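*Asks:* Numbering (the working numbering), first residue to last: 0 to 772.
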Amino acid sequence: MNHSNGKKYSNQHFTKVLKGIWIGFFSLIIVVLLGILSVRVNLFNLFGELPSYKSMENPEAENDLSSVLISADGVELGKYYRFNRNQVSFDELSPQLVQSLLTTEDIRFYNHSGIDLRGLVRALVGKLTFSFRGGGSTITMQLAENIFSTMTENQGLLYKVDFLRPFLIKIKEWIISIQLERSFTKDEIMAMYFNTIFFGSNSYGINTAAATFFNTTPDSLNYQQSAMLVGMLNAPTRYNPISNPENALNKRTEVLYNLYKYDYISRQQFDSLSATPLGVNFTAQDHVAGPAPYFRSVIKPQLIYWARENGYDLFESGLRIYTTIDSRMQRHAEQAMTKHMAHIQELFDAHWKNENPWRDESGREIQDFLKTAIKKTERYRNLVAKYGRNSDSIDIVLNTPYPMTVFSWKGEIDTLFSPMDSLKYYKNFLQTGFMSMDPKNGHIKAWVGGIDFKYFQYDHVMQARRQPGSTFKPFVYTAAIDQGYSPCYMVADAPVTFSQPGQIPPTYTPLNFDRKFTGERMTLRQGLARSKNSVTAFVMKEMTNPETVVKYARDLGVESPLEAVPALCLGTSDVSIYELIGAYASFVNRGVYTRPYFITRIEDKNGNVIEVFPPRTREVLSEETAFLMTYMLMGATQEQGGTALGLSSEVRANNEIGAKTGTTQNGSDGWFVGLTKDLVSGVWTGGDERSIHFRPSSSYAQGARLAMPVWDFYMQSVYADSVLGYKKGPFPRPIRPISVEVDCAKYQNPELSEMDSVNVRHKIKRMDQSEIF
């Protein structure tokens, strides 16, 4: 009886315990499910919001993408990014790279559904026994953190409880991982993972990392390279091959051993690969790298504005921005600039020898020039904020040498310079700006804003404005030619005096460059070709007026402030190269002004066209006036004494070239604008400070020596590049016969009193097109 009762009690007890286990098990499941559901719906904001189903269906929308600037010939010019990353597909990953990641991070990746229970148990046992046996996070879970920042973003109230925080993070990662596994294939998840990893050195994603550390692409990565990059994942700084090569080498060996452990490589391969050097070919992927850095820098604010107005982020939306820049012509322009500027700088340094080049109007050295200049710098303002304006500490800091790398035309130099030494060194450099455009459609083909963007980031194409000197004269002549004056109209090289009531002095008489007047009678074309100030002054006073000249300049695209005074005829108001080239292009383009532009279309990251940008044009001159101005400008390369006769025979032979040189007072600015039937290009050269220049008596203190060689070298390269297809030849002639005489042997000067801007074209015999030239 007692035995029977005991057995019955034992069975009841077992049943009760088993029932309790099942109840506990199901309760645990219910609690876990309710917990997951609570996390999913963010009950009472305890857990923080999860990403929406839409964002998890399209996780790469959460991934910042660089916007790419593309040249007209399909070459990548550069990128705009907050984080430097570009995506690749699984097919673009080398097998060695995929194997390295699997063996190191998640060998069962292709066998689980986002959560590896075996791995979780292994990690838990490791923690309980204080022995590391690998982490429990899968590649999918790491992707969830990489994309949605589960550790740091959308934190709920319970995140403040330290011991709950890791569990909440894991639950979120599990939920997101399951959703990702339902939405994407394993290969797609693998590719997304590689696209979201940070490798250090501003490299986000495997595409950028492969280029940065090995100057290659992800599909070309071998075992050694793949192992090094995978080894950097958990600690990019600690295992950075540049700053910590020994750590990187040891970590690479660990990854290579994993490959051997899981039979992807043999023992012999492991030993051989482990013995190889890192083989890093570090190429910084930054905003400075690549062609046309000045161009990319100048247009960035405009692109930021456009993107904001259209609901995009330039630094995150992965836009594809197609430009007018031709990478080959850009390369020719940069090489032409380098060739000339290195030479002219050598002459400039020899010219001043051990003297300082900053000079006042009388040629004396400007005292305290550097002290004044340093006060305009950001460094000085920061020191004032830190120490106070009258603190001796400012002078101590500014005059204390420290190691730095500086620019030189022979390559970067490592030296010891104080901030004042550095300022003095860099103030001695001459700068330049160059722009080339197609006059028919307004496409800017090349843009060089300075001598080296890394060290001198101020752009001299669009941002800088300087006195154009004689390159402004064509606006004066245009006003006269458009009223019916012939290029053959004769004018004496004699003083012209303007009255200036109420000013001191009350009169103004422009001098020629050599300060002499010959009395020689010459045509308007010859006067422009020789850049005679006296002839231009005559035109300004007798054939037009400052207000009319300003109007023509405005019509031709000059937007900078222009002072309507007699001295404007010699180019005393500042303009930019960008404005000047756009204006000159109207002469070649039959009187139609096309605003120089640089973006043709913008696409989203999927290749859908968002916006197309057509040329912006307006007719500003008659076709006849435009052609006559082109003919006038051709005088510089054809007339005796023309300022562009020094152009090389390689460019001039069998070619028609319009040109204008420009030099400002004391030789502070040297300009050259050159026109051909297909390209209009211009150069400015000078010091960033107007007081820095060759002595006025030097033969180099003129546009023909300071600026013209850049244009010459550029055009030689363009014509020699058969792929570009630019050919020499004549300018296009007007469709209709022109109404003024251009054969100066037949031309007879009318008196000024006889000139009638309305009827003059009817008084002079029309010429057939066959008679021109």
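Glycine included, every Cβ here is placed at the ideal spot set by N, Cα and C. Computed from a prediction, not measured in an experiment: that's the story for all the values here.
#1: Does the beta-carbon distance from A652 to G673 come in below 9 Å?
#2: In its own chain, which residues sit with a C-beta less than 8 Å from the C-beta of R327, not counting the 5 before and 5 after it?
#3: Does R553 come out as helix, strand or coil in the three-state DSSP assignment?
#4: Looking at the secondary structure, which residues open and close the beta strand (DSSP E) in which G681 lies?
#5: Out of E578, L255, V557, L678, which one is the CA nearest neighbour of Q267?
#6: Tell me whether the beta-carbon of Q430 lies closer than 9 Å to the beta-carbon of G77.
#7: Are V548 and L579 close, meaning C-beta to C-beta below 9 Å?
#8: Around the Cβ of L64, are there at least 16 other Cβ atoms within 10 angstroms (buried) or fewer (exposed)?
#9: Would you mind reading off the limits of the alpha helix (DSSP H) that contains M340?
#10: Below 8 Å CB to CB, which residues in the same chain sit around Y321 once its five sequence neighbours on both sides are set aside?
#11: Hey, Q95 and Y222: beta-carbon distance below 9 Å or not?
#12: Ordered along the chain, which non-local residues of its own chain (more than five positions away) have a Cβ less than 7 Å from that of Q499?
#13: If you run the structure through DSSP and keep just helix, strand and coil, what is Y507?
#14: Could you have a look at I609 and say whether DSSP puts it in helix, strand or coil?
#15: Use the C-beta contact count for S392: other C-beta atoms within 10 angstroms, 16 or more gives buried, fewer gives exposed.
#16: Count the other C-beta atoms from every protein chain shown that fall within 10 angstroms of the C-beta of W21, then say buried if there are 16 or more, exposed otherwise.
#17: Ignore the nearest five residues each way along the sequence and tell me which others in G556's own chain have a CB closer than 7 Å to its CB.
#18: Using only the alpha-carbon positions, how far apart do A643 and G634 sit?
#19: What are the uninterrupted segments assigned as alpha helix (DSSP H) that are 4 or more residues long and contained completely in the region 256-296, given in chain order?
#20: Quick check: the Cα distance between V564 and E546, rounded to an integer number of angstroms?
#21: Helix, strand or coil for T414, going by three-state DSSP, please let me know.
#22: Quick check on DSSP: helix, strand or coil for F433?
#23: Measuring alpha carbon to alpha carbon, tell me which of T496, F612, I503, M521 ends up nearest P509.
#24: What are the boundary residues of the beta strand (DSSP E) that Y577 is part of?
#25: Using a threshold of 9 Å, state whether the C-beta atoms of N427 and W351 are closer than that.
#26: So, at 6 Å on beta carbons, what are the nonlocal neighbours of I205 in its own chain, with the 5 sequence-adjacent residues on each side left out?
#27: Please identify the residue among K531, I365, R465, M340 whose C-alpha is closest to the C-alpha of D451.
#28: Can you give the beta carbon distance from G641 to A528, rounded, assuming they're within the 8 Å contact cut?
#29: Thinking just about the alpha-carbon of each residue, which of Q639, K676, S667 is nearest to the one in V650?
#30: D687 and A335 - do their beta-carbons sit closer together than 9 Å?
#31: Taking L705 as part of the alpha helix (DSSP H), name the residues at either end of that continuous run.
#32: What would DSSP say about M521, mapped onto helix, strand or coil?
#33: So E187 and F89 are in contact, right, with Cβ under 8 Å, and what is the actual spacing, rounded?
#34: Short of 8 Å in beta carbon distance, which residues of its chain neighbour R524, apart from the five on each side in sequence? Order them along the chain.
#35: Distance check for N243 and G317, CA to CA, integer angstroms please.
#36: Return the bridge partner residues of K659 from the DSSP annotation.
*Replies:* Walking through what the data contain:
#1: Going by C-beta atoms, A652 is not nearer than 9 Å to G673.
#2: So the list reads D72, D720, V722, L723, once near-sequence residues are dropped.
#3: In the three-state DSSP reduction, R553 falls in the helix class (H, G or I).
#4: Unbroken beta strand (DSSP E) run through G681: 679-686.
#5: L255
#6: no
#7: no
#8: Residue burial annotation: L64 is buried, with at least 16 other C-beta atoms found within 10 angstroms of its C-beta.
#9: From DSSP, the alpha helix (DSSP H) with M340 extends over 326-351.
#10: I69, A71, I598, T599, R600, I601, E602
#11: yes
#12: P505, T506, Y507
#13: strand
#14: Here I609 sits in strand by DSSP.
#15: Flag for S392 reads exposed.
#16: Around the beta carbon of W21, fewer than 16 other beta carbons lie within 10 angstroms, which makes this residue exposed.
#17: Correct list, in chain order: E578, G581, A582, Y592, R594.
#18: Rounded to whole angstroms, A643 to G634 spans 9 Å at the Cα level.
#19: 266-273
#20: 8 Å
#21: strand
#22: strand
#23: T496
#24: Not the beta strand (DSSP E): Y577 falls in the alpha helix (DSSP H), residues 576-587.
#25: yes
#26: F193, P217
#27: If we check each option's Cα against that of D451, M340 comes out closest.
#28: A528 and G641 do touch by the CB rule: their CB atoms are close to 4 Å apart, below 8 Å.
#29: K676
#30: no
#31: 702-705
#32: strand
#33: 7 Å
#34: Here the set comprises P486, C487, Y630, M631, G634, E638, C743.
#35: The straight-line gap from Cα to Cα measures roughly 32 Å.
#36: K659 pairs with V672.
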